[in-house]
Amino acid sequence: MAEVQTAIMADAVACALITGASKGIGRAIALQLSLDHNLHILLNYASDTAAATETMMAIKEAGGSAELLPFRVHHKEEVQQALDTWQAEHPTDYIHVLINNAGITKDGLLMWMPESDWDEVIAVSLKGMFYLTQYVLRDMLLKRSGRIVNIASLSGVKGMPGQTNYSAAKGGMIAATKALAQEIAKRKVTVNAVAPGFIETDMIKGLDTRQFLPLIPMKRLGKTEEVAHLVSFLVSDKASYITGEVIHVNGGLYS
Ligand code: NAP
């Protein structure tokens, strides 16, 4: 009976939901997954509709299919409402891939950090991951297939001064990835984390590159595509025996 209920309908469309996909790393992942896999792309973002629309158009121009799904990942009601509405409008379609990519920074020394900066950074990464993952996981487990990739950070591995909130958020994502991987491995759903170093996006626009470029063994920033290619591999069938792993994309910068 359960098998009948969870069988994938012949006309069902497999989808990839990427949070924070209007720009930066999320945009590159959305484009890459559309190019490499036969997936309909659900583009989540918080507020920049112009950028998200541009990403959607780029996917369509390359021959893929995509739609916008705006909501703030750290607001449970928004997450539920957006996904409930989407599922009601597409009853046979299903989310095969979830990329928890949305993230923000609010840097400052812990000594002076407003509590709201601590809370918001942690909420977007950790509550966002929790709400989205819990929402899609049941169906993945029933179907016995699915891929989850969490976009963490070097900051969550080594800790960065001035980023205690962000390091805590990303370190938490990594620990949750390892724990969840063990909970769900039996059902053939994998969950992995990717830990980028310094990648050329809006997030690091304000940083003085002269300070940290000498520290990077490759002496350059990473490109968003260099993160996206790894995510695309983790989502593929070729990565079916990899779970609970944290993979660095950092040009050799580990410490
Ligand atoms: P970005 O260019 O600033 O883009 C951030 C994306 O997240 C945008 O699409 C933004 O939407 C979305 N977003 C922000 N808050 C959100 C929320 N509450 N709900 C839904 N979407 C939200 O950032 P990025 O550099 O591409 O970073 C992407 C991920 O990689 C983040 O998790 C970041 O921590 C991680 N990372 C980045 C670097 C780096 O060097 N860039 C390094 C390590 C890890 P709007 O456009 O609508 O605001």
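Under my numbering, the final residue of the sequence shown carries the number 384; numbering is consecutive throughout. All C-beta atoms in this analysis are idealised placements derived from N, C-alpha and C, irrespective of residue type, glycine included. Computed from a predicted structure; not experimentally measured.
Check, Outcome
"Can you say whether N167 is buried or exposed, counting buried as having 16 or more other CB atoms within 10 angstroms of its CB?", "exposed"
"Could you check how far apart the C-beta atoms of I154 and I170 are, in whole angstroms? I think they sit under 8 Å.", "Wrong, their Cβ atoms sit about 15 Å apart, outside the cutoff."
"Any chance you could list the beta strand (DSSP E) runs of at least 3 consecutive residues sitting entirely within the stretch 216-251, in chain order?", "223-229"
"Could you tell me if G192 is buried or exposed, where buried requires 16 or more neighbouring beta carbons within 10 angstroms of its beta carbon?", "exposed"
"How would you label M186, buried or exposed, when you count the other beta carbons within 10 angstroms and need 16 or more for buried?", "exposed"
"What is the DSSP secondary structure of H358, counted as helix, strand or coil?", "helix"
"Pull up the distance between the alpha-carbon of A175 and that of R201, whole angstroms please.", "5 Å"
"Thinking just about the alpha-carbon of each residue, which of R273, I280 and K272 is nearest to the one in M258?", "I280"
"May I ask whether a heavy atom of the ligand GDP can be found less than 8 Å away from the beta carbon of L160?", "By its list of ligands, the structure shown excludes the ligand GDP, since it contains just the ligand NAP."
"By Cβ distance, which residues of its chain are closer than 8 Å to Q134, with the 5 residues on each side in sequence left out?", "Only weak support is given to the placement of Q134: the predicted model assigns it a pLDDT of 46, under 50, and the question is left unresolved by the model."
"Under 8 Å Cβ to Cβ from M385, same chain only, skipping five residues before and after it: list those, please.", "Because the chain here runs from 130 to 384, residue 385 falls outside it and cannot be looked at."
"In the DSSP assignment, find the beta strand (DSSP E) that holds L472 and state where it starts and stops.", "Outside the displayed span of the chain (130 to 384) sits residue 472, for which this structure offers no information."
"Starting from A324, trace the beta strand (DSSP E) both ways and give me its first and last residue.", "V318 to P325"
"Taking Cβ to Cβ, would you say Q210 is nearer than 9 Å to H358?", "no"
"Between the beta-carbon of L266 and the beta-carbon of G275, is there less than 9 Å?", "yes"
"Run the CB neighbour count on S284, radius 10 Å, all protein chains shown included, and call it buried at 16 or more, exposed below.", "buried"
"With a threshold of 8 Å, establish whether the CB of Y260 neighbours any heavy atom of the ligand NAP.", "no"
"Measuring straight from C-alpha to C-alpha, what distance separates M332 and Y370?", "32 Å"
"For the alpha helix (DSSP H) holding Y156, just list the boundary residues, first then last.", "Looking at the sequence provided, one finds Arg at residue 156 rather than Tyr. Start and end: G153 to D165."
"At the level of alpha carbons, what is the spacing between G288 and D165?", "33 Å"
"According to the Cβ coordinates, are T182 and A159 closer than 9 Å?", "no"
"Is it a yes or a no for the stretch 309-329 touching the stretch 340-353, going by three-plus beta-carbon pairs under 8 Å?", "yes"
"Among the residues of its own chain, which have a CB less than 8 Å from the CB of A131, if the five just before and after it don't count?", "Caution is warranted here: a pLDDT of 41 is assigned to A131, below 50, making its placement in the model unreliable, and the coordinate value is therefore given only provisionally. Once the five neighbours on either side are set aside, the close Cβ partners of A131 are L271."
"Which same chain residues, not among the five before or five after G300, have their C-beta less than 6 Å away from its C-beta?", "G285"
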